[in-house]
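2 protein chains.
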Amino acid sequence: MNQSGMRDDRRLPRADPPSLAERIRLEMDAFTPSEKRAAHLLLSHYPFAGLGTVAEFASRAGISAPSVLRFVTRLGFGGFPDFQKHLREELEAQLLSPLAKASPSDKGQGAPALASFAEAVIGNLRATVENIAPAEFEAVVAVLSDPRRHIHFTGGRFTGALARYAESHFRIVRSQVDFIEGQPALWRDRMIEIGKKDVIVAFDIRRYQEDVTALCETAARQGATVVLLTDPWLSPIARVARHVLPAHIAAPSNWDSSAGLLLLTEALVAAVTKRLWDTAKPRMEAVERLRGGTS
Amino acid sequence: MNQSGMRDDRRLPRADPPSLAERIRLEMDAFTPSEKRAAHLLLSHYPFAGLGTVAEFASRAGISAPSVLRFVTRLGFGGFPDFQKHLREELEAQLLSPLAKASPSDKGQGAPALASFAEAVIGNLRATVENIAPAEFEAVVAVLSDPRRHIHFTGGRFTGALARYAESHFRIVRSQVDFIEGQPALWRDRMIEIGKKDVIVAFDIRRYQEDVTALCETAARQGATVVLLTDPWLSPIARVARHVLPAHIAAPSNWDSSAGLLLLTEALVAAVTKRLWDTAKPRMEAVERLRGGTS
DNA sequence: CGAAAGCTGTATCAGAAATTTCAGAATGTG
DNA sequence: CACATTCTGAAATTTCTGATACAGCTTTCG
Numbered sequence: 010m011n012q013s014g015m016r017d018d019r020r021l022p023r024a025d026p027p028s029l030a031e032r033i034r035l036e037m038d039a040f041t042p043s044e045k046r047a048a049h050l051l052l053s054h055y056p057f058a059g060l061g062t063v064a065e066f067a068s069r070a071g072i073s074a075p076s077v078l079r080f081v082t083r084l085g086f087g088g089f090p091d092f093q094k095h096l097r098e099e100l101e102a103q104l105l106s107p108l109a110k111a112s113p114s115d116k117g118q119g120a121p122a123l124a125s126f127a128e129a130v131i132g133n134l135r136a137t138v139e140n141i142a143p144a145e146f147e148a149v150v151a152v153l154s155d156p157r158r159h160i161h162f163t164g165g166r167f168t169g170a171l172a173r174y175a176e177s178h179f180r181i182v183r184s185q186v187d188f189i190e191g192q193p194a195l196w197r198d199r200m201i202e203i204g205k206k207d208v209i210v211a212f213d214i215r216r217y218q219e220d221v222t223a224l225c226e227t228a229a230r231q232g233a234t235v236v237l238l239t240d241p242w243l244s245p246i247a248r249v250a251r252h253v254l255p256a257h258i259a260a261p262s263n264w265d266s267s268a269g270l271l272l273l274t275e276a277l278v279a280a281v282t283k284r285l286w287d288t289a290k291p292r293m294e295a296v297e298r299l300r301g302g303t304s
Numbered sequence: 010m011n012q013s014g015m016r017d018d019r020r021l022p023r024a025d026p027p028s029l030a031e032r033i034r035l036e037m038d039a040f041t042p043s044e045k046r047a048a049h050l051l052l053s054h055y056p057f058a059g060l061g062t063v064a065e066f067a068s069r070a071g072i073s074a075p076s077v078l079r080f081v082t083r084l085g086f087g088g089f090p091d092f093q094k095h096l097r098e099e100l101e102a103q104l105l106s107p108l109a110k111a112s113p114s115d116k117g118q119g120a121p122a123l124a125s126f127a128e129a130v131i132g133n134l135r136a137t138v139e140n141i142a143p144a145e146f147e148a149v150v151a152v153l154s155d156p157r158r159h160i161h162f163t164g165g166r167f168t169g170a171l172a173r174y175a176e177s178h179f180r181i182v183r184s185q186v187d188f189i190e191g192q193p194a195l196w197r198d199r200m201i202e203i204g205k206k207d208v209i210v211a212f213d214i215r216r217y218q219e220d221v222t223a224l225c226e227t228a229a230r231q232g233a234t235v236v237l238l239t240d241p242w243l244s245p246i247a248r249v250a251r252h253v254l255p256a257h258i259a260a261p262s263n264w265d266s267s268a269g270l271l272l273l274t275e276a277l278v279a280a281v282t283k284r285l286w287d288t289a290k291p292r293m294e295a296v297e298r299l300r301g302g303t304s
């Protein structure tokens, strides 16, 4: 019904043609029912669903071949081969250069707030990486890759979420992983069984939280290895920590940014997964099997 | 020709052929000159060079179409379509399942690993920002700044931690904020009081989680506004979402990176805090006072 | 309730793409 | 140097895929 004015649908300052998937999402409302089924199939298995034959696509989408053809025509392609070519090129571009999409120039004032915030965060990430001693990072990877050790994650009000994020990944990669709530009442009892072979990974940035510090000090006193992810001003936990990874957190906001901590966390997860691959793979497969009830 | 018997070449106790590329490298010596040219082309643009037509492949490799056919036949495929199907499946498996991203050859590179990981994440952040429609971002800020609305955060296995992170900040900035666990049993009861003035902010990236989808669909049916933070391939929640903010998540890891989602989250927190500053400031001060007193 | 418009699938066709054939070129061998 | 073997590509062949026309059906609007 609408969509008569097709000329001004792209007035926003866009860099390069966004993913076809994004365009499909934008136009989704204007699609006919069978076109929607095609779109959903494509988006749910993007872009592989579109790389086979028309007949295959039609069958999987539950529509007829001509409907598929009409769908790709509506998207502006000259024909199905054209459409496939676009998918292949897009896929290749995305796969070969994850960084290629970063366009250097600061383009128009799209979302000044968002863009400048992003630039600040990116600056933090670069600064974080430059100030991490490679040996320290490696040492932490080694500690977290030791299957004999038990690993406990913890954090403060805000950083507790990061600790959870770390825990949810490491839990799959290896065994002996858990999360400890920051409140003393919740961990006091557990401390009896914390010893030399335990590792505490603590997240703590300024407005350092006393209960987290207390937890780490207690654990350290019992011989546990403490790994600390903090800001460049260092949480007091640094005094008892064996390894410290500082991340820059300043942002044009009333709040600090935890992106640097997340970066370190994800890099650690990646490195440990790689190092423990032989044992991590079966675990991940098992998890996948357990999840995959439907398909 | 090797004396170990070339006909039953699958005598090796391999789990499953890891990659066609690897097999090609192993057999490279036994190829004829034109087969080598085909192999070289395929490996240098693996696997995209093989996804076009036979004629295109032949032309790019500088050989004839029949030579290409002989090449794929020699690799054990029934024909060119067979060969392509294998490539597609291999590629899809590699891209969709973090399990297949194994890179067994390169190992033990501490700092470079962190640095290149950071570069990839930075690329994601830039790509994310560029693909966010400013109006969409602003619209979400407006929704989250409306004091009359009740805001609920939720997420999946991994993204749940991000939802918590968001909630822990918004809880301080404004009132009427809470976190909903993903499991249906935990939110079913709550749904009775979800209505038009409620906002669901859902985090969901691929390996989309059915329970989160169900939660959002239920909420949407009751008139709630759904805001979705997802990946560029869009969670099925997008169908019922009023606003969608996609973030790029690909990383040189067996896992996806949530840094883009965190960036969006923090940017939203910053923007909403600024917009609600008159009411947020007293709240933040109050929280500060409360913390100072207790331990 | 009726008519018009739009959507979708069946049947069919045109054409492109993969495959096979076969003769000539290249390579190795006695 | 001649022969045998292998390799390669042009052209013929066949298969199969993408595209189209048309008719039935559903939805929308008067």
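Sequence order for the protein chains is A and B. Here the first sequence is numbered in the numbering used here, starting from 10 and rising by one per residue. Here the second sequence is numbered in the numbering used here, starting from 10 and rising by one per residue. For each residue, glycine too, the CB sits at the ideal point set by N, CA and C.
Could you tell me whether the Cβ of A/Phe131 comes closer than 8 Å to any Cβ of chain B?
Reading off the sequence shown, one finds Ile at residue 131 of chain A, where the question assumed Phe. Output row for A/Ile131: interface = yes.
For A/Asp213, which three-state DSSP category applies?
Note: A/Asp213 maps to strand in three-state DSSP.
As a quick exercise: from B/Ala122, B/Glu36, B/Ser267, B/Glu101, pick the residue whose alpha carbon is nearest that of B/Val81.
The candidate whose alpha carbon is nearest that of B/Val81 is B/Glu36.
To the nearest angstrom, report how far apart B/Leu277 and B/Gly59 are at their CA atoms.
For B/Leu277 and B/Gly59, the distance between alpha carbons rounds to 44 Å.
Do the CB positions of B/Phe188 and B/Arg173 come within less than 8 Å of each other?
Cβ atoms of B/Phe188 and B/Arg173: closer than 8 Å.
Taking DSSP as the reference, what is the three-state secondary structure of B/Asp115?
Low confidence applies here, because B/Asp115 scores a pLDDT of 40, under 50, leaving its location unreliable; read the following figure in that light. B/Asp115: coil per DSSP, three-state reduction.
Identify the contact partners of A/Ser177 in chain B, using a Cβ-Cβ distance below 7 Å as the criterion.
Near A/Ser177 (Cβ distances below 7 Å), the residues of chain B are Arg166, Phe167, Ala170.
Pick out the complete beta strand (DSSP E) segments inside the stretch 106–188 of chain B, 3 residues or longer, and give them in chain order.
If we require 3 residues or more, the beta strand (DSSP E) runs fully inside the stretch 106–188 of chain B come out as 159–164, 186–188.
Using CA atoms only, rank isn't needed, just tell me which of A/Ala233, A/Ala211, A/Asp38, A/Asp91 is closest to A/Ala170.
Residue A/Ala211 is the option with its Cα nearest to A/Ala170.
Could you work out which residues of chain A lie near B/Ala74, taking near to mean beta carbons separated by less than 9 Å?
Chain A residues near B/Ala74: none, gap ~17 Å exceeds 9 Å.
Would you verify that the beta carbon of B/Ile160 is, or is not, closer than 8 Å to some beta carbon of chain A?
False, the Cβ-Cβ gap to chain A never drops below 8 Å.
Could you pull out every unbroken alpha helix (DSSP H) segment of at least 4 residues lying fully inside the stretch 197–282 of chain A, listed in chain order?
You should have 219–230.
Taking Cβ to Cβ, would you say B/Pro255 is nearer than 8 Å to B/Pro245?
In this structure, B/Pro245 does not lie closer than 8 Å to B/Pro255 by Cβ.
How many angstroms separate the CA atom of B/Thr62 from the CA atom of A/Val77?
Cα to Cα, the separation comes out at about 21 Å.
At what residues does the alpha helix (DSSP H) containing B/Ser53 begin and finish?
Run containing B/Ser53: 42–53, per the alpha helix (DSSP H) assignment.
Give me, in chain order, the residues of the same chain whose beta-carbon lies closer than 8 Å to that of A/Leu299; leave out the 5 immediate sequence neighbours on both sides.
For A/Leu299, where only same-chain residues beyond five positions count, there are no Cβ hits under 8 Å.
Can you tell me where the alpha helix (DSSP H) with A/Asp287 in it begins and where it stops?
It spans 286–300 - the alpha helix (DSSP H) in which A/Asp287 sits, taken as one unbroken run.
With DSSP as the reference, label B/Gly59 as helix, strand or coil.
It is helical.
Indicate whether A/Thr137 and A/His257 have their beta-carbon atoms separated by less than 8 Å.
Contact: yes.
Output needed for A/Leu271: all residues of its chain with C-beta closer than 8 Å, excluding positions within five of it in sequence on either side, in chain order.
Taken in chain order, the residues that qualify are Leu171, Tyr174.
Going along chain A in order, which residues have a C-beta closer than 8 Å to the C-beta of B/Phe89?
Here the premise fails: no neighbours, minimum Cβ distance about 13 Å.
Compare the C-beta of B/Thr222 against all C-beta atoms of chain A and say whether one is closer than 8 Å.
Not an interface residue.
Any beta carbon from chain B within less than 8 Å of A/Arg69's own beta carbon?
With 8 Å as the cut-off, A/Arg69 does not count as an interface residue toward chain B.
Taking C-alpha atoms, which residue in B/Glu98, B/Asp38, B/Phe66 lies nearest to B/Leu51?
The shortest Cα separation from B/Leu51 among B/Glu98, B/Asp38, B/Phe66 belongs to B/Phe66.
Chain A beta carbons: is any one of them nearer than 8 Å to that of B/Asp25?
Low per-residue confidence applies at B/Asp25: pLDDT is 42, beneath 50, and the placement is therefore not dependable, though the value from the model is reported in the following sentence. Output row for B/Asp25: interface = no.
Counting only beta-carbon separations shorter than 8 Å, does B/Ala194 have a partner in chain A?
Chain A contact via Cβ: absent.
Anything in chain A within Cβ reach of B/Ser267, meaning under 8 Å, just list it in chain order.
Result: Tyr174, Leu271, Glu275.
When the Cα of B/Ala127 is compared with those of B/Leu285, B/Gly269, B/Thr282, B/Asp287, which residue comes out closest?
Measuring from the Cα of B/Ala127, the nearest candidate turns out to be B/Gly269.
Mark B/Asp38 as exposed unless 16 or more other C-beta atoms lie within 10 angstroms of its C-beta, in which case mark it buried.
The residue is exposed, with fewer than 16 neighbouring Cβ atoms inside 10 Å.
Counting only beta-carbon atoms, is B/Val278 nearer than 8 Å to chain A?
Chain A, which has a Cβ nearer than 8 Å to the Cβ of B/Val278, makes this yes.
Quick one: is A/Val138 near chain B, going by C-beta distance under 8 Å?
A/Val138 counts as touching chain B.
Does DSSP put A/Ser76 in a helix, a strand or coil?
Helix.
If the cut is a Cβ gap below 9 Å, which residues of chain A does B/Thr282 touch?
Chain A residues near B/Thr282: Ser262, Asn263, Trp264.
Do you know offhand how far B/Gln185's Cα is from B/Leu29's?
Near 55 Å, if we compare the C-alpha coordinates of B/Leu29 and B/Gln185.
Any beta carbon from chain A within less than 8 Å of B/Ile258's own beta carbon?
Judged by the 8 Å Cβ criterion, B/Ile258 is not in contact with chain A.
Answer yes if the stretch 280–287 of chain A comes into contact with the stretch 144–161 of chain A, meaning at least three C-beta pairs across the two stretches below 8 Å, and no otherwise.
The stretch 144–161 of chain A vs the stretch 280–287 of chain A: in contact.
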